[in-house]
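The opening position of the sequence shown corresponds to residue 48 in my numbering, with each subsequent residue numbered one higher.
Beta carbons: idealized from backbone N, C-alpha and C, even for Gly.
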Amino acid sequence: MNTYRPPRLGWSLVMLAMAQLIFALDVYIVYVALPDIGAELGFSSQTLQWVVGAYAVFAGGFLLLGGRAADLLGRRRIFVTALALYAVSSLAGGLARSPEVIIAARAVQGIGAAFLFPSTLSLINTLFEEGPRRNKALAAWSGAGASGLTLGSLLGGILTQTFGWSAVFFVNVPLAGIVALAALFVIPRDRPQAARRRFDLPGAVTVTGGATLLVYALVQGPELGWTSASVLAAMPLAVALLAMFALVELRGADPLMPPRLLRNRSLVAVMAITFIFMGTLGGLPYFLTVLFQDVHGFTTLETGLAFLVPAVAIATGTQVGERVTTRLESRTTLLIGIGISVVGTALIALGYDDSSRYLPIVPGLIVMGVGQGITWTSMWIAAGSGVAPHEQGVASGMASTTLNVGNAVGLGILIAIANAGTRGLTGGALRAEVAAGGRTAVLLGALGLPIAAGAAFALPRSCSHAGALYQSRAGVDGHFAVTQRGPCYEEHSEAER
């Protein structure tokens, strides 16, 4: 099928990939700088983890709202606004001279992330028609994101050791500013809404409050203890607010999260896969950082360089994932990627001890990285399959919310298991137990990955592979319209389209 592709889409993809790189870098870039931040700003050991926790809590809590805002207010508009939030909050974080200011800056960064991630993903899913072209775009986007997760530690180590901890914040200012400015020129303008839609304020309040409290409890549980007053208060409040959200959405005329999206088999399966995948593999960078710094005594720079191997492997895997998905289908590609990830993670566990250095885990890092890259790309290809263009934002928010919650749940459980035997130990005994606990956590991650493979079997066989047969580009503004109904696509009224 011949389709019109505006020449600016290549540069649009560059900006979207750059934005995803910025988002991913910020997840781990501050980890290696935490000791310096704590020492200079006077953090206590109990409050220092909030430099990481504030970002995670607010990013996870606002994702669904960010996705729906992209649908209703304009994807490019939300994209640029989110990058502006990143730039301003990063500047504030770099200039911070008190714990309160830097925690507040990280919270605003998290809100920016919650609006940036679904807007970038929905822009790709609406600028590129479903099929090979979208697959290639998602490979570039997911490659930038997956590599950024590992490169964050490298860049954080280099910047902290060379310029000081403030540099891990200041680096975002020019990056986010340049991408936001360029986006105004290269990303197609938002189209006017075909039908005026009301903003679901009750749904926005209940889901944002509920998700934020849920992520707070999951992030703080391992740090403060699951029986601490704040965690015990947050969990039932989160459940109550999310239950209210479900009732609001079922009864609302124009809900924030249309319940019909839960009839999209591809989207629901991907939500399950992202939850399990991040719950098992999402914590691997954390445990690798523990191995490198706490067990082997690597410097911040050495720790960052150690992540270069998996970063290259992940980038390679994303390109392989795109090619395999285009030739086969998302379900088959996901099973291949998950299988490779299991093997790689098991190999890492074999070399995860206090007596060896870096080389024994390199084969596992390479195999795991390729598998993770394949899985990451095919996962997001499937997430957008069969979703109407005007709902791509909220669909992206749904998938990314389960990703963040899965990461918080998995990391909290695995950290608790890994640290169970370390109390009261010091010196070599502590180092040996930290290594043993980390190895157990990595092995449990490998054992949990096959559950994600089981969820992959729920994917329709032909959604992503045949998607290009059911959609075509309409007009010359860089957006496509659905012209025929594909195997994953639900019926919608003309007004909705």
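Contact fails between the segment 214–226 and the segment 256–265, because fewer than three Cβ pairs, one in each stretch, are under 8 Å apart. Around PHE109, the same chain offers GLY157, ILE158, ALA161, PHE162, THR255, ALA258, THR259 as residues with beta carbons nearer than 8 Å, after the five sequence neighbours per side are excluded. Sixteen is the threshold: since fewer than 16 other Cβ atoms of the shown chains lie within 10 Å of the Cβ of GLY57, the residue is exposed. Fewer than three pairs of CB atoms, one per stretch, sit closer than 8 Å, so the segment 404–415 makes no contact with the segment 431–440. Between the alpha carbons of PHE504 and GLY484 lies a distance of about 32 Å. Scanning THR94, ARG374, LEU472, PHE164 for the CA closest to the CA of LEU112 turns up PHE164.
As summarised for the segment 244–313, the continuous alpha helix (DSSP H) elements at least 4 residues long and confined to that stretch are 248–271, 276–298, given in chain order. Buried is the label assigned to PHE339, since at least 16 other Cβ atoms lie within 10 Å of its Cβ. Under the three-state reduction of DSSP output, ALA161 falls in the helix class.
For ASP118, the three-state secondary structure derived from DSSP is helix. In the three-state reduction of the DSSP assignment, LEU185 falls in the helix class. Cβ neighbours of GLU270 within its own chain (closer than 7 Å, five residues either side excluded): GLN96. Within the same chain, VAL337, ASP341, VAL342, THR469 come within 7 Å of VAL481 by CB-CB distance, once the 5 residues on both sides are set aside.
Secondary structure remark: continuous alpha helix (DSSP H) runs of at least 4 residues inside the segment 339–423, in chain order: 347–353, 355–374, 377–397. Taking each of ALA360, LEU63, MET325 in turn and checking the Cα distance to TRP188, the smallest one comes out for LEU63.
Between the alpha carbons of THR167 and GLY344 lies a gap of roughly 38 Å. With a threshold of 16 other beta carbon atoms within 10 Å, PRO239 falls short and is exposed.
Secondary structure at ARG180: helix, using DSSP grouped into helix, strand and coil. In the three-state reduction of the DSSP assignment, VAL226 falls in the helix class. Using a 10 angstroms sphere on the CB of GLU87, the tally of other CB atoms stays under 16, which defines it as exposed. The beta carbons of ARG122 and LEU60 sit about 14 Å from each other, so the pair does not count as a contact at 8 Å. For GLN96, the three-state secondary structure derived from DSSP is coil. Inter-residue distance for ASP400 and ALA290 is about 44 Å (C-alpha atoms, whole angstroms). When C-beta atoms of the segment 280–298 are compared with those of the segment 313–326, fewer than three pairs fall below 8 Å, so the two segments do not count as touching.
Comparing alpha-carbon positions, the option among ALA479, PRO302, THR327, SER275 lying closest to ASN451 turns out to be THR327. Look at the beta carbons and you see the segment 138–146 not touching the segment 190–197: under three pairs across the two are nearer than 8 Å. Close CB contacts of VAL155 within its chain, under the 7 Å cut and outside five residues either way in sequence, are with LEU132, SER136 (chain order). The straight-line gap separating the alpha-carbon atoms of ARG378 and LEU506 is approximately 6 Å. By the C-beta criterion, the segment 370–386 is judged not to be in contact with the segment 469–478, since fewer than 3 inter-stretch pairs fall below 8 Å. Closest in C-alpha terms to ARG181, from the list LEU491, GLY457, GLY431, ALA500, comes GLY431. Between THR347 and LEU381, the CB-CB gap reaches or exceeds 8 Å.
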